[in-house]
Structures are given as structure tokens and as C-alpha cells.
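Written below as C-alpha cells is the structure these notes are about.
In our numbering, the protein residues as written are 878 to 1211.
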């Protein structure tokens, strides 16, 4: 089969198409999936440039998100049969298991039936961002109906689904964007207020929008500087969740004075630490999101797709920082 391998960290050029053996089912609960598409996420570019997370994990096949058709099943698999369409978040952190390839073997408990109403590329783009946004808003921040939410980078991969999940919970949403085009996009998704961070003062706009109270929940998807900038925009006793390391030099006096609840969200933890119950919870999130997608209540925006052989170019585009929604690799024809 064809796979995109990285043999060492570096720029996009380290991603090379190679011929490798089709993985074999080794456990009676596993399934072999013929991939049709793979999602491209910022974690992929970070692992490519800095090194993988699995010890002795080179050469590696990147790609945490996949969607495809079951080719074969282990002796104890009852949930799926050959020909079933599935999606999942598995692998891509180091070693040979990843979705930038023609095939992957996953445990059947990790996969979910693919949403019926969207294609493989859109499906493959979704798992990591959906689980991240769901856990951040619903599990970490414990979002409630009627609350106000600030979502940073609302036109991005995580941000654009976070807006929708917040609205589905009955919350009011404001978000940050960098262009009028992205502002129009997030309004379509349900955001009431789009803050152009290049031209407007974040705290000033948020306070005006919330009548001086600050938002009940803030979700940082950008990094340390934005995390610090957001603290005075959160209401007293509010929640601030980040998906990134807030950094070693963090002044939390104002956060403490506001009695904020600070939370860290890393959806990769169950995979990195081998936590079966947490992985089962994430699979249930995918199942519920699939239902929302098929009911037309949740939208996944894929702005561009690339053939598997052009994975390096997909990384270049993602690292430019202007992607609206998600990118995906097409591995096989739908």
C-alpha cells in the first residue's frame, strides 16, 4: 500500500510517499479499514516539525483522523462487517499507525458508523476537532443554556464546530476573526458577535456585548498570549478553557481575583495514556455528533482537499495560518 512516511522531524519535505505492507489484524476485536480520506490537523504539523510523541516512533505515519470502508474484521467483531463505512480518531502520534495511508487497523470499539449525509473527506476532517470542542465546552466548562461564550479563532477547525456546539447548548456566542469574510462565515454558523482582533480591542468589545459582565465561558484555541489577554474578558466565577500550553510565565492574579475556573483540554490524552474508558467516552461523542450531522444540525466545513501524495502541500497550506474550517487528504475515490 501507499503511505506517507516521515523518517525525522523537519519541514513539509520530510513527508515522503512510500510503499509499505498492508497492516494485518492481530487482535480478534480489530478491523482493517480501507481509507478513503484522512483529516489534516495542526497536531500533524507540530509532530512533523518537532518530532513524534511515541518513543522510538520513527519512521511514522501521521494523521489522527480517518474515514473509510471496513475491509476485514477480527473473529470477535460483531459491530461491523466488510463494506461498512466508518470514521474514527486513532493513531498518527508516532510509529506505523496513522491515517496518511491506504489502510489502517483499529480496534472496532474505537470506530463509529460514518455519518450518512456527508462524504468521506468531510467525515475524515471532523473527529479530532469535534471531540476537542465537545470536551472543552461540555465537559471542562460545563456550558449551560443561556450562558455567553467567547470562542477564539471561530473560523478555524476547532472554532467553527465549537460555535455550533455552543449554539446547540443554547448559549450565545461571540468569536474572534481576522477578516470580514471570516466574520460572515461565523455569523452563518450562529455567532452573534464577530471581533476582528486586528482592528478591535477584545476586552472592550466583549464587555460591551455582555453589558459589562464578561463572558461566562471563554475557549482559547490560539495560545499563551491570547490566553492571558482573555482573562479580563471573562466574568467573575467564569470558565476559561485552553487547548494549548498556557506557558511557563503565567500571571494569574486577575484570574484568581475573578475566581475563574481554568481548564486544560487535550483530546489526545486517552490515546497517549491508554485510557479505555476515556476513549469509549470519545467514541460516544463521535456517535452523537454523527447524529447531529445527519439531522442537519451540525456542519463540517472543508475548505480544501489534497490527494494523499500531496500531504506536504497540505501541511504548507495549514502552516500559513489562514485556513477556514478544515483540510483533508483524499486517499481513495468515494
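A virtual CB, placed ideally from N, CA and C, is assigned to each residue, including glycine.
Please read all numbers here as calculations on a predicted model, not as lab measurements.
(request) Compare the C-alpha of residue 1180 against each of 1155, 1086, 1044 and 1032 and name the closest. (result) The residue given as residue 1180 occupies position 303 in the chain shown. Nearest to residue 1180 by alpha-carbon distance, out of 1155, 1086, 1044 and 1032, is 1032.
(message) Using CA atoms only, rank isn't needed, just tell me which of 1083, 1123 and 1125 is closest to residue 1109.
(response) Here residue 1109 refers to the residue found at position 232 of the chain shown. Of 1083, 1123 and 1125, the residue nearest in Cα terms is 1083.
(request) Could I get the ranges of all uninterrupted beta strand (DSSP E) runs contained in the segment 1073-1118, with 3 residues as the minimum, in chain order? (result) For the segment 1073-1118, whole beta strand (DSSP E) runs of length 3 or above, ordered along the chain, are 1092-1097.
(request) Could you tell me which residues DSSP puts in a beta bridge with residue 944? (result) For the purposes of this step, residue 944 is taken as the residue at position 67 of the chain shown. For residue 944, which the question treats as bridged, DSSP gives the partners 914 and 964.
(request) Give a yes or no on whether the C-beta atoms belonging to residue 996 and residue 878 are separated by under 8 Å. (result) Counting from 1 along the chain shown, the entry for residue 996 is found at position 119. Counting from 1 along the chain shown, the entry for residue 878 is found at position 1. Going by C-beta atoms, residue 996 is not nearer than 8 Å to residue 878.
(message) Tell me the DSSP secondary structure of residue 984 in three-state form.
(response) Position 107 of the chain shown, counting from 1, holds the residue named residue 984. Looking at residue 984 - three-state DSSP - the assignment turns out to be strand.
(message) My assumption, with CB atoms under 8 Å, is that residue 883 sits in contact with residue 919. Please give the rounded CB distance.
(response) Position 6 of the chain shown, counted from the first residue, corresponds to residue 883. Position 42 of the chain shown, counted from the first residue, corresponds to residue 919. Not really, about 16 Å apart at Cβ, beyond 8 Å.
(message) Counting C-beta neighbours from all protein chains within 10 Å, is the total for residue 1153 16 or more, i.e. buried, or is it exposed?
(response) For the purposes of this step, residue 1153 is taken as the residue at position 276 of the chain shown. Classification for residue 1153: exposed.
(request) Return helix, strand or coil for residue 991, following the three-state DSSP convention. (result) Here residue 991 is taken as the residue at index 114 of the chain shown, counted from 1. In this structure, DSSP gives residue 991 a state outside helix and strand, which the three-state scheme calls coil.
(request) May I have the straight-line CA-CA distance separating residue 900 from residue 984, to the nearest angstrom? (result) By 1-based counting over the chain shown, the position of residue 900 is 23. By 1-based counting over the chain shown, the position of residue 984 is 107. Straight-line Cα distance between these residues: approximately 13 Å.
(message) For the structure I just gave you, are there three or more beta carbon pairs, one from the segment 989-1009 and one from the segment 956-966, closer than 8 Å?
(response) They touch, by the three-pair rule.
(request) Take residue 1166 as the anchor and find which of 1128, 1021, 1009 and 1052 has the nearest alpha-carbon. (result) Here residue 1166 is taken as the residue at index 289 of the chain shown, counted from 1. Checking every option, the nearest Cα to that of residue 1166 belongs to 1009.
(request) Can you check DSSP and say which residues form a bridge with residue 883? (result) Mapped onto the chain shown, residue 883 falls at position 6. Answer is 892 and 937.
(message) In this structure, how does DSSP classify residue 1211 when only helix, strand and coil are distinguished?
(response) Position 334 of the chain shown, counted from the first residue, corresponds to residue 1211. Residue confidence is low: residue 1211 scores 41 on pLDDT, short of 50, so the model does not pin down where it sits. No coordinate-derived value is stated.
(request) Check whether the Cβ atoms of residue 968 and residue 975 lie closer than 8 Å to each other. (result) Counting from one through the chain shown, the residue named residue 968 turns up at place 91. Counting from one through the chain shown, the residue named residue 975 turns up at place 98. Yes, the pair counts as a contact, with Cβ atoms nearer than the cut-off.
(request) Mind reading off the beta-carbon distance from residue 1034 to residue 1052? Whole number of angstroms is fine, and I expect it under 8 Å. (result) To locate residue 1034, count along the chain shown from 1; it is residue 157. To locate residue 1052, count along the chain shown from 1; it is residue 175. About 13 Å separates the beta carbons of residue 1034 and residue 1052, which is beyond the 8 Å limit, so they are not a contact pair.
(message) Can you look up residue 997 in the DSSP assignment and give me helix, strand or coil?
(response) By one-based count along the chain shown, residue 997 stands at place 120. Collapsing the DSSP output to three states places residue 997 in a helix.
(message) Does the segment 1060-1075 come into contact with the segment 1107-1122, if we say contact requires no fewer than three beta-carbon pairs (one atom in each stretch) closer than 8 Å?
(response) Contact between the segment 1060-1075 and the segment 1107-1122 is absent, because fewer than three Cβ pairs lie under 8 Å.
(message) Does the distance between the C-beta of residue 1105 and the nearest non-hydrogen atom of the ligand PLP fall short of 7 Å?
(response) No copy of the ligand PLP appears in this structure; indeed no ligand is present at all.
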